[in-house]
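Visitor:
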Amino acid sequence: MAQPLSTEQWMHRFWTAKWIAHPRAMPNAFGVFHFKKELAIESPPSSYVVHVTGDNLYRLFVNGSMVCSGPARSDPANWNFETVDIAAFLKKGNNTISATVWNFAEFRAYAQTSYETAFILQGNSEAEYPLNTGTGWKVIMDSSYRPLPIDREALRSYVAVTSGEIVDGNRYPWGFDGSEGLNLPWEDAKSLWYPAKPRTYGTDGNWQLVARSIPRPLEKDQDFASERTGYIKQPEFSRSFPWQFPARTKTSLLLDQGTLTNAFPQLIISKGKNAIITFTYAEAMFDAKMEKGNRNVTDGKKLIGISDQYISDGGKNRTYSPLHYRTFRYVKVDIETKEEPLTINYLDSRYIGYPFEERAKFVTNEPRLQKIWDVGWRTAKLCAVDTYFDCPYYEQLQYVGDTRIQALISMYVSGDDRLVKKAIDDIAHSFFSDGLTQSRYPSRDLQVIPTFSLWWVCMVYDHYILRKEDAFTQSKLNGIENVLRWYDERMSSKGILGPLSWWQFVDWSWPWVDSIRVGGVPPGVSHGGSSIVSLQYAYTLARASELMNAYGRRSQAVRYEQMAKKIAADVFRLCWDYDKNLLADTPEKISFSQHANIMGILTDAVESSRQKDLVRKIMTDKSLTQATYYFKFYLFEAMKKAGLGNEYLGQLKPWYDMLDIGLTTFAENPEPTRSDCHAWSASPLYEMLSLVAGIMPAAPGFKRVLIKPNMGSLTNINAWVPHPLGDIKLNINKTGRQARIVIDLPPGVTGELEWEGNVYPLTQGRKEFNL
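Here it is as structure tokens:
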């Protein structure tokens, strides 16, 4: 018998299994399908490895137990498959292997791409080939599912997540995943004619298969209506189960998870034939003015949100959970019984998220900072499952501007760069004919923000500095050149960018303009002369120059470096207002913003001798267009660069304000905000470690470290940062003007400590200083 192949080998050969589908279903219509195959085993094997995927999404079961779900979001040209060993689920005798596959068609999330509804399972070796999809697989169309469209007018917002569902238990094929389903109207699954193939092989497109590069999501049960995590609003209901609901009644329950979460509600009910149970999910409740106010307050407010609905068939211990996870703090459960009383045996939820491990530590004598840390980390975790996304409730789209900040948080707090690399790859897959990336990807709706293409270049640079994987970085260099060429072609003879197309988003500081369907765009973009975007281009050129130099493209490196310096100098020449001592947004010097001056500092367009005074000015001058939470990340980087890191802690008032109004994650914008959970606002986690503790890479791959603390009024810090070779540990205790500093570096790591203007060498292992 031939030797088993590895997952890597299956990425480079045609599969012997066939894609299968329902024989009569329209390939791209809304539908939910169940596939199954019976497998007889004489004795349970020690290993039984299969490779599996589906379009749009699937869940794989063995003998009624869910084994895995997927695939990780990408696009048909990079369609992910999972490799899983199902041996632990197999038993002697007959086994049922089944899968639920669904396509929500026009009701699917914008982040969900698709070719057509289909499923495939490939055995890893001849021993597992009997399970290959093709001959012997059965399928049934599940007629119990209907879409429940999102009421966008009620939400008054852009919503891009999957719509809700209506499931009629009277029509559900109970037992499809085990022996109970033997009498269901199964049909032979149709094998699709085109072969399953790896990426870049074959004459046809469809799905080009790549192995999942990230771990499967963490899923865990969590209490829903308990004293620990929430409450039932109606006092007449006990917190203990079961709950009884008489016939012909209507009841509304309000459940509070206590904190925002991503989860699948899990319901177990009995009887209650034709009872209608509707779940409506919300981050917060709204008052009569459609304002959220304090998130802990529910009195006098209403809940508006995305809904799922289940209709009971009257059976015993029936389980219901929606196909898609939902984001919520509050869940309104509306129960309408018909002719039979209903029993809710149990109701909880199952959390889902990327399996980040919190390896970093940041503990100080200021307890409020711990709250910022905890809420920030929750925010970051809720914005990551199988991609990063801007916000879990409204969009779940991987925007580059958001993702750059999320990636830095991930590497600093967890040390895990697998989702970072996938994000960089995802965006690289989105290049289109203009030479730019899309602003967000994967996405079935084209959107282009050229400034986000620049941030993608910076993401590649950030990963190079913190991890330095040569083959990975080198594979992105041509794409970097394409992005920078697009901007180079739009430089004016004055040395500043001319008119720019697409959506040149910088920050939500500038208003939405409905006539052109954009917002967040500074002056000077449409007609040319934007100092902000020109300096972002220069900022990116400087980083690209380092990358090109590191990988032998020296002439390009020199050119990029010279261009960055020239643009910075020309922007200063054209836009510096000597009366105001500020960079203007355009050469006309009519409007001024924090953003232009932040970028002036980060690019050295403003000389170093002016930078401290400039930072202090833009932090206090309220006449300037102010940065929102997103661009404050770059404000804090400018403070760090200008040597004003000790003033950072005084800039956290907006985050404390969010805590004061009951937010359990950090929001998209200052009030009134749309999204209560937006990962770009979790940036204080990164700044606490890189700015307050001052732990920064001093060479590519973090081979050297610079520790330059900015403690402000703090008297002690205990901080850890995960490093590819171990953990960097820092402990500082100050008494008056004296400080005891203890630093531990992993093997092979050296660096420097900079403290009050003095520099001290660091070697691997422990070093103690009394300064």
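Per this note's numbering, the very first residue in the sequence shown carries number 893; after that it's consecutive.
Glycine residues also receive a C-beta, built at the ideal position from the N, C-alpha and C atoms.
1) If I follow the unbroken alpha helix (DSSP H) through H1487, where does it start and stop?
2) Just tell me which of H1216, Q1448 and V924 has its CA closest to the CA of N1374.
3) Can you give me the Cβ contacts of L1300 inside the same chain, cut-off strictly under 7 angstroms, excluding the 5 residues immediately before and after it?
4) Mind listing, in chain order, the continuous beta strand (DSSP E) runs of no fewer than 3 residues lying wholly within the region 1074–1121?
5) Within the same chain, show all residues whose beta-carbon is closer than 7 angstroms to that of N1602, passing over the 5 residues directly before and after it, in chain order.
6) Determine the direct distance from the alpha carbon of T1092 to that of S1501, and round the result to whole angstroms.
7) From which residue to which residue does the alpha helix (DSSP H) around I978 run?
8) Note down the Cα distance separating A918 from K929, rounded to an integer number of angstroms.
9) Measure from the alpha carbon of K1224 to the alpha carbon of each residue in Y1429, L1147, M1531 and S1426, then state which is nearest.
10) Give a yes or no on contact between the region 1481–1497 and the region 1451–1469, applying the rule of three or more CB pairs nearer than 8 angstroms.
11) Give the range of the alpha helix (DSSP H) segment to which S1213 is assigned.
12) Quick check on DSSP: helix, strand or coil for H1419?
13) Apart from the five residues on each side of it in sequence, which residues of its chain come closer than 8 angstroms, Cβ to Cβ, to A1714?
14) Excluding the 5 residues flanking P1157 on each side, which residues of the same chain have their C-beta closer than 6 angstroms to its C-beta?
15) How far does the alpha helix (DSSP H) with F1464 in it reach, from first residue to last?
16) Return yes when the Cβ of S1302 is within less than 7 angstroms of the Cβ of E1249, no when it is not.
17) Classify A1155 as helix, strand or coil using the three-state DSSP reduction.
18) Could you have a look at V1305 and say whether DSSP puts it in helix, strand or coil?
19) Take the Cβ of A1180 as the centre, count every other Cβ of all protein chains shown within 10 Å, and call the residue buried at 16 or more, exposed below.
20) Alpha carbons only, please: which of M1383, A1320, L949 and W1078 is nearest the one belonging to S1367?
21) Would you list the residues sitting across from W1647 in a DSSP beta bridge?
22) List the DSSP bridge partners of Q1136.
23) Closer than 8 angstroms by C-beta to S1006: which residues in its own chain qualify, once you throw out the five before and the five after it? Chain order, please.
24) Whose C-beta lies closer than 6 angstroms to the C-beta of N970 among residues of the same chain, with five residues either side of it excluded?
25) With a Cβ-Cβ cutoff of 7 angstroms, do G1643 and R1566 count as a contact?
26) If you check the beta carbons only, do H926 and F1133 fall under 7 angstroms apart?
27) When you compare only the Cα positions, how much space is there between G1421 and G1293?
28) Where V1312 and P1576 are concerned, what is the direct C-alpha to C-alpha distance, given to the nearest angstrom?
29) Residues in its own chain within less than 7 angstroms of P1039 by CB, not counting five upstream and five downstream?
30) Helix, strand or coil for K1030, going by three-state DSSP, please let me know.
31) Are the beta-carbon atoms belonging to R1359 and D1309 less than 7 angstroms from one another?
32) List the DSSP bridge partners of D947.
33) Decide if V1398 is buried, meaning its Cβ has at least 16 other Cβ atoms within 10 Å, or exposed.
34) What would DSSP say about F925, mapped onto helix, strand or coil?
35) Taking the beta carbon of Q1014 as the centre, do at least 16 other beta carbons fall within 10 Å, making it buried, or is it exposed?
36) Note down the Cα distance separating W1547 from I1297, rounded to an integer number of angstroms.
Guide: Judging by the given coordinates:
1) On the sequence shown, position 595 is the one that residue 1487 refers to. Where H1487 is concerned, the enclosing alpha helix (DSSP H) stretches over Q1486 to L1494.
2) Counting from one through the sequence shown, the residue named residue 1374 turns up at place 482. The residue with the shortest Cα to Cα distance from N1374 is Q1448.
3) The residue given as residue 1300 occupies position 408 in the sequence shown. Counting only Cβ-Cβ distances below 7 angstroms, and skipping sequence neighbours, we find D1354 and Y1578.
4) If we require 3 residues or more, the beta strand (DSSP E) runs fully inside the region 1074–1121 come out as 1100–1103 and 1110–1114.
5) As a position in the sequence shown, residue 1602 is number 710, starting the count at 1. So the list reads G1537, N1538, Y1540, L1583, V1584 and G1586, once near-sequence residues are dropped.
6) Locating residue 1501 in the sequence shown gives position 609, counting from the first residue. Locating residue 1092 in the sequence shown gives position 200, counting from the first residue. Answer to the nearest angstrom: the Cα atoms are 54 angstroms apart.
7) If you number the sequence shown from 1, residue 978 lands on position 86. It is not in any alpha helix (DSSP H) - I978 carries neither H nor E in the DSSP assignment.
8) For this step, residue 918 is matched to residue 26 along the sequence shown. For this step, residue 929 is matched to residue 37 along the sequence shown. Correcting the residue type first, residue 918 is Met in the shown sequence and not Ala. Their backbone Cα atoms lie some 23 angstroms apart in a straight line.
9) As a working mapping, residue 1224 is identified with position 332 in the sequence shown. Of the candidates Y1429, L1147, M1531 and S1426, the residue whose Cα lies closest to the Cα of K1224 is L1147.
10) yes
11) Counting from one through the sequence shown, the residue named residue 1213 turns up at place 321. It is not in any alpha helix (DSSP H) - S1213 carries neither H nor E in the DSSP assignment.
12) On the sequence shown, residue 1419 is found 527 positions in, with the first residue counted as 1. Three-state DSSP puts H1419 in coil, outside helix and strand.
13) Because the chain in this structure spans residues 893 to 1663, residue 1714 falls outside the shown range and cannot be described.
14) If you number the sequence shown from 1, residue 1157 lands on position 265. Contacts found: F1171 and S1241.
15) Start at 1 with the first residue of the sequence shown, and residue 1464 comes out as number 572. From DSSP, the alpha helix (DSSP H) with F1464 extends over R1446 to C1467.
16) Translated into the one-based positions of the sequence shown, residue 1249 becomes position 357. Translated into the one-based positions of the sequence shown, residue 1302 becomes position 410. Cβ atoms of E1249 and S1302: not closer than 7 angstroms.
17) Indexing the sequence shown from 1 puts residue 1155 at position 263. The answer is strand: DSSP assigns A1155 an E or B state.
18) Looking up residue 1305 in the sequence shown gives position 413. Reduced to three states, the DSSP call for V1305 is helix.
19) Position 288 of the sequence shown, counted from the start, is the residue given in the question as residue 1180. Exposed is the call here.
20) Locating residue 1367 in the sequence shown gives position 475, counting from the first residue. The shortest Cα separation from S1367 among M1383, A1320, L949 and W1078 belongs to A1320.
21) Within the sequence shown, residue 1647 is the residue found at index 755, counting from 1. Answer by DSSP bridge pairing, in chain order: N1650.
22) Counted from its first residue, the sequence shown places residue 1136 at position 244. DSSP lists T1235 as partners of Q1136.
23) On the sequence shown, position 114 is the one that residue 1006 refers to. The residues are N920, D947, N948, P968, N995, R1000 and R1336.
24) Locating residue 970 in the sequence shown gives position 78, where the first residue counts as 1. Same-chain partners within the cutoff: V1102 and H1321.
25) Here residue 1643 refers to the residue found at position 751 of the sequence shown. Here residue 1566 refers to the residue found at position 674 of the sequence shown. Judged by beta-carbon spacing, R1566 lies beyond the 7 angstroms limit of G1643, meaning their Cβ atoms are not closer than that value.
26) Indexing the sequence shown from 1 puts residue 926 at position 34. Indexing the sequence shown from 1 puts residue 1133 at position 241. Not a contact, by the Cβ cut-off of 7 angstroms.
27) Taking the sequence shown and counting its residues from 1, one reaches residue 1421 at position 529. Taking the sequence shown and counting its residues from 1, one reaches residue 1293 at position 401. Distance between the alpha carbons of G1421 and G1293: 22 angstroms.
28) Indexing the sequence shown from 1 puts residue 1312 at position 420. Indexing the sequence shown from 1 puts residue 1576 at position 684. Cα to Cα, the separation comes out at about 19 angstroms.
29) Here residue 1039 is taken as the residue at index 147 of the sequence shown, counted from 1. Within the same chain, P1039 has close Cβ partners F922, F996, F999, S1055 and E1057.
30) For the purposes of this step, residue 1030 is taken as residue 138 along the sequence shown, with counting starting at 1. If DSSP states are grouped into helix, strand and coil, K1030 belongs with the strands.
31) Along the sequence shown, read from residue 1 onward, the residue named residue 1359 stands at position 467. Along the sequence shown, read from residue 1 onward, the residue named residue 1309 stands at position 417. Yes, the pair counts as a contact, with Cβ atoms nearer than the cut-off.
32) The residue you call residue 947 lines up with position 55 of the sequence shown. DSSP output for D947 lists A1010 as bridge partner(s).
33) Indexing the sequence shown from 1 puts residue 1398 at position 506. Around the beta carbon of V1398, a 10 Å sphere encloses 16 or more other beta carbons of the protein chains shown; the residue is thus reported as buried.
34) Indexing the sequence shown from 1 puts residue 925 at position 33. Correct three-state label for F925: strand.
35) Translated into the one-based positions of the sequence shown, residue 1014 becomes position 122. Buried.
36) Here residue 1547 refers to the residue found at position 655 of the sequence shown. Here residue 1297 refers to the residue found at position 405 of the sequence shown. Each residue's Cα considered, the two are about 16 angstroms apart.
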